[in-house]
Amino acid sequence: AEPEPLPGAPLLTAVKRYADSQVGSFDAQQVREYQADLSAAALSSMLEVLLKAGLFSGERAEPDAATILHALQAEPRHHWLVRRWLGALCEAGLLHYTHSHYRLAQPAPNPALAWGRVEQAVASGLCSQALLDYQLNHVWQLPQLLKGEVNPFDLLFPQGQLDVALQLYGGDAVSRYNNHSIAALINRLATHHQGDGPLRILEIGAGTGATSAPVIGLLDGLEVDYLFTDMTAFFLPAAKQRFAEHAWVRYGVLDIDQDIRPQGLASNSVDIVLCAGMLNSVKDIDNALGQITELLSPGGWLVFSEPSGEWPPILLTQGFMMTPANGDHDQGRSGLRDADIWQARVKAFGGECLPALPQADHPLAALGMQVFAARFKAGVQRLNVDSLRRALAERLPDYMLPAHLQVLDRLPLTANGKVDRKTLAGWRPAADAQASSSQEAPSDPLSAELCRVWADALGLAQIGVEDSFYEKGADSLILARVAGQLREQLPQAQRLSYDTLLRQMLNEPNVAALARLLNQGEATPATVAVSGEAQRSSSSNALVVPFGGGDVGPVRVMFHAALGTLDYFQHLGRALADQQAGPVIGFAVADTEQYLALEPKRLIESVAEDYAERLIADGHQRFQLIGYCLGGLLATEVARRLLERGMEVVDLSLIDSIPMFIDTDEELAYEAIFVPNLNLDPVKTVFGAHIEDYDVYRAIDLLMARDNRRVPAGAMAALSGDPGLDALALAVQQQSARSQEERLAEYARLASGQAGVPIGPELVPTLFRVCRHSMRAARFDPLPFLGNMTYLRCLEQQSFGITGGVGHLAAPFWEDACLGHFELIDVPGNHFSVIEPPHVHTVTAHLLEALRKNS
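Residues in the sequence shown are numbered from 19 upward in steps of one, following this note's numbering.
Take a look at the structure:
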């Protein structure tokens, strides 16, 4: 098809006129002065934090970058940001850089005077009070932000609230201009939409909805299907409430860094993609633009807003939340790019660009925040899937109708030029996350309310009572937030402890199981034996969770790890169940207080005795026992007891089960072992950004060698002998001076920053108590085991905070304990990734082979 001319002056004139009507009148000189003042204030604050760290005077008058990073005690993930600050200070003439060293180029300006000039712009509307406060909150806490002691997400979302972010992204003049430019542009495109069906709009990274609000407001009354998405479900409940009167707005989770099809989207299925200030944060801009291009139908539009360049006020604040390009936390740059680079990237993917707004002659252009719009595939004939389906239905019998239709830009080819049918088979999109659940609807008011709460939390239209929270997009952080929310809103939940409520959802992530718990309160029935439900017993502290797997074959039993829950086992359990080689069940801790009351030295044997008796009481006679992490000790001790009672243990398989090779009372050591569960770096998080991993590892080795693998409390603080050990000892002393409650709260803040969502204060202490107790118990030497054993060893070593990886010690430990045949198999992944896709499928294949071989 012959492409229509790109809309030009009339469209832009209408858009600019509307955007101008939404902001005050400013002259170019006024805006340039404000821009210069704000840049100068940010730069002077950067320089001030360097001066206060003792730099640019005395022996450190001309420091290199390494000296500066050490003086600031900057977290490694912020090293790139400090280097960008140094570059900005040099560009501004405040520093000189020669021969890899920096020195002051002029007397340092006074930041207070600079921020005072910025404050004058609030009255005119150029700067909002929220933007000024946000900047100053960072200025006052820059040393703590650099050290990782303050979570930048807490400054943007204090107490998890969106008010600051909404004002930040929509309150000042240029934000209002850009947001309303986007709204007017999309309104004009929607008004002139001529395709079959509604105009399909996908907003990626919608976040707070600061841009969505004016866009959606100008689309009311038009035929539109609007999909509001973000990387996580955190923002979706607020968006659903805010836009509730617009029934044509849908909600979902979308990560544009990942393949679009497993996330429910297909090629050529969207007319407009909107990205407000988020493309700078993608991992690979070419991958993201490629996927967006694929999503767009012929004549479709990409509309996005971005800062043009690394503006100092952004580096001062949101820089702390950025991931540098290519993940290079030492030398990387931000994802911020100049306007001509953005347009060049878009054109490389076939986009026809309109002039960016505000245009160069507009006063607000000096602030460097711009709106871009580009049309794609203008010369391609549109093909509507619904129309094609109807046409085929008129001409073909039902049995010949294709089950799925998708419009592709091109067919995938093999190396020799043939159609790649294998790739094509994997291109069918997953079911739309917004589609109605196939599960049974709630049958009582409590279940209905729980379905509503969970649908809101995940940004779904609805959720079935048996739908897995994990499969619908939840993770442990969202579960933690909902646990707190339920205790605030539901009387039934208020009777339960936070720990009980959270663990229930970690172990049985569906509404049906949650409703059963809330209906019965803390009481536990003598035996619950309903198919598909977790089973409790008054005589056991085991929660037995079924995963499926059929009725034929030995029961395949997974034992919990150090946290006592089964949330890490969801992928493993489902993959085992898919093999249909026998019923799959998981053992979790039912009552954490009862578990914590067990003496650590007797815990493994006591719990194993409980679990073995429970398996026999439930009528099982043939077993495959599977132990991951701490669960390896439990699986082995349960196997021993079952064999002693005449049961048949068909197979005992351990997955990277690493006992505790250190005996310690050092709380910081347990915290370092725990924090990887929060996706945090154990050494930098617990001991400090300036502490080297190697120094921690060799310190522990030294202390263990002194006292038969025992490290008493206080031993790390008393270390000395070289600069590395001295630094570690001082760091331990400083951390130990703070209460454990303070340290755990800091880990929660850091984990929140990693995930991009606030974490309730109860989550980390709740999990840590059980993890620490389990680790104390894992210092356990089992008696020789008379049966056979399969050990799956991870190929990648995993640091556990106080050691650089002890996986190499685990296989000899288990081989010594096994008196039967010991089979060692190496599997891909590390301690955490081994039971997640894709590695979990390799693991379950070995488990199935071990089961068949020993049957």
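C-beta atoms are modelled at their ideal positions from N, C-alpha and C, and glycine is treated no differently.
CA nearest to the CA of residue i, picked from the options
{"i": "Leu-163", "options": "Met-339, Ile-234 and Pro-81", "result": "Met-339"}
{"i": "Val-233", "options": "Leu-283, Val-291, Gly-482 and Gly-282", "result": "Val-291"}
{"i": "Tyr-765", "options": "Gly-742, Leu-698 and Leu-737", "result": "Leu-698"}
{"i": "Ala-228", "options": "Arg-194, His-210 and Ala-251", "result": "Arg-194"}
{"i": "Leu-149", "options": "Lys-702, Pro-28 and Leu-334", "result": "Leu-334"}
{"i": "Thr-583", "options": "Gln-758, Asp-609 and His-347", "result": "Asp-609"}
{"i": "Tyr-619", "options": "Arg-794, Gln-642 and His-589", "result": "Residue identity check: residue 619 is Lys in the sequence provided, not Tyr. Measuring from the Cα of Lys-619, the nearest candidate turns out to be Arg-794."}
{"i": "Gly-236", "options": "Pro-572, Leu-207, Ala-479 and His-859", "result": "Rather than Gly, the amino acid found at residue 236 in this sequence is Leu. Ranking Pro-572, Leu-207, Ala-479 and His-859 by Cα distance to Leu-236 puts Leu-207 first."}
{"i": "Pro-369", "options": "Leu-385, Gln-388, Pro-376 and Ala-392", "result": "The question names Pro, but residue 369 in the sequence shown is Gly. Out of Leu-385, Gln-388, Pro-376 and Ala-392, Ala-392 has the C-alpha closest to the C-alpha of Gly-369."}
{"i": "Ile-303", "options": "Ser-287, Arg-505, Leu-426 and Ser-352", "result": "Ser-352"}
{"i": "Ile-496", "options": "Val-271, Asp-181 and Pro-830", "result": "Val-271"}
{"i": "Phe-587", "options": "Ile-853, Ala-130, Ala-201 and Val-157", "result": "Ile-853"}
{"i": "Ser-146", "options": "Arg-102, Val-41 and Leu-61", "result": "Val-41"}
{"i": "Leu-476", "options": "Phe-252, Ala-141, Met-296 and Gln-336", "result": "Phe-252"}
{"i": "Gln-377", "options": "Leu-827, Val-782 and Ala-37", "result": "Ala-37"}
{"i": "Ala-132", "options": "Thr-85, Ser-62, Asn-286 and Ala-717", "result": "Ser-62"}
{"i": "Thr-311", "options": "Ala-262, Phe-367, Trp-266 and Met-296", "result": "Phe-367"}
{"i": "Leu-696", "options": "Ser-738, Gln-752 and Leu-781", "result": "Leu-781"}
{"i": "Asp-713", "options": "Glu-684, Ser-558, Pro-856 and Val-750", "result": "Val-750"}
{"i": "Phe-175", "options": "Asp-834, Tyr-152, Ala-796 and Pro-28", "result": "Tyr-152"}
{"i": "Lys-878", "options": "Leu-122, Leu-372, Gly-317 and Leu-426", "result": "Since the first and last residues shown for the chain are 19 and 873, residue 878 lies out of range."}
Nearest-angstrom beta carbon gap, residue j and residue i [assumed within contact, 8 angstroms]
{"i": "Val-471", "j": "Gln-503", "result": "7 angstroms"}
{"i": "Leu-672", "j": "Gly-637", "result": "Rounded, the Cβ-Cβ distance is 26 angstroms, inconsistent with contact."}
{"i": "Phe-565", "j": "Val-602", "result": "4 angstroms"}
{"i": "Phe-803", "j": "Thr-654", "result": "6 angstroms"}
{"i": "Leu-104", "j": "Ala-83", "result": "7 angstroms"}
{"i": "Ala-89", "j": "Arg-101", "result": "With 8 angstroms as the limit, Ala-89 and Arg-101 do not qualify as a contact, their Cβ atoms being about 14 angstroms apart."}
{"i": "Gln-522", "j": "Leu-535", "result": "5 angstroms"}
DSSP state of residue i mapped onto helix, strand, coil
{"i": "Arg-35", "result": "helix"}
{"i": "Asp-683", "result": "coil"}
{"i": "Leu-307", "result": "helix"}
{"i": "Ser-62", "result": "helix"}
{"i": "Tyr-115", "result": "strand"}
{"i": "Leu-375", "result": "strand"}
{"i": "Pro-601", "result": "coil"}
{"i": "Ala-828", "result": "helix"}
{"i": "Thr-6", "result": "Residue coverage of the chain in this structure runs from 19 to 873, which leaves residue 6 outside it and unanswerable."}
{"i": "Gln-522", "result": "helix"}
{"i": "Gln-642", "result": "strand"}
{"i": "Cys-789", "result": "helix"}
{"i": "Val-563", "result": "strand"}
{"i": "Gln-553", "result": "strand"}
{"i": "Pro-856", "result": "coil"}
{"i": "Gly-568", "result": "coil"}
{"i": "Arg-728", "result": "strand"}
{"i": "Leu-801", "result": "coil"}
{"i": "Cys-469", "result": "helix"}
{"i": "Gly-650", "result": "helix"}
{"i": "Val-398", "result": "coil"}
{"i": "Glu-324", "result": "strand"}
{"i": "Ala-606", "result": "strand"}
{"i": "Val-546", "result": "Interpretation of Val-546 is limited by its pLDDT of 31, a score under 50 that renders its predicted location unreliable; the figure taken from the coordinates is listed afterwards. If DSSP states are grouped into helix, strand and coil, Val-546 belongs with coil."}
{"i": "Met-722", "result": "helix"}
Below-8 angstroms beta-carbon distance, residue i vs any chain C residue
{"i": "Asp-628", "result": "Of the protein chains in this structure there is only one, and it is not chain C."}
Exercise. With a cut-off of 8 angstroms, do at least 3 Cβ pairs link the stretch 239-248 to the stretch 216-224?
Worked result: yes
Exercise. Is the stretch 326-341 close to the stretch 397-405, with three or more CB pairs under 8 angstroms?
Worked result: no
For this session: Scan the stretch 117-154 and note each continuous alpha helix (DSSP H) run of 4 residues or more that stays entirely inside, going in chain order.
Result: 129-142
Problem set entry | Length at least 4, wholly inside the stretch 234-285: the alpha helix (DSSP H) runs in chain order | 254-260
Exercise. What runs of the beta strand (DSSP E), each 3 residues or longer, lie entirely inside the stretch 336-395?
Worked result: 387-393
For this session: Kindly provide the ranges of any alpha helix (DSSP H) runs that are 4 or more residues long and lie completely inside the stretch 60-108, ordered along the chain.
Result: 83-90
Problem set entry | Every unbroken beta strand (DSSP E) inside the stretch 205-236 [3 residues or more] | 217-222
Exercise. So, do the stretch 511-528 and the stretch 589-601 have three or more beta carbon pairs nearer to each other than 8 angstroms?
Worked result: no
For this session: Kindly confirm or deny that the stretch 67-82 and the stretch 342-354 touch, where touching means at least three C-beta pairs closer than 8 angstroms.
Result: no
Exercise. Should the stretch 54-65 be regarded as contacting the stretch 127-145, the criterion being three or more beta carbon pairs within less than 8 angstroms?
Worked result: yes
Exercise. Should the stretch 837-846 be called in touch with the stretch 700-709, which here means at least 3 C-beta pairs below 8 angstroms?
Worked result: no
For this session: May I ask you to verify whether the stretch 654-668 touches the stretch 623-632, counting CB pairs closer than 8 angstroms and requiring at least 3?
Result: yes
Problem set entry | Complete runs of the alpha helix (DSSP H) confined to the stretch 483-521 [at least 4 residues] | 494-507 and 509-512
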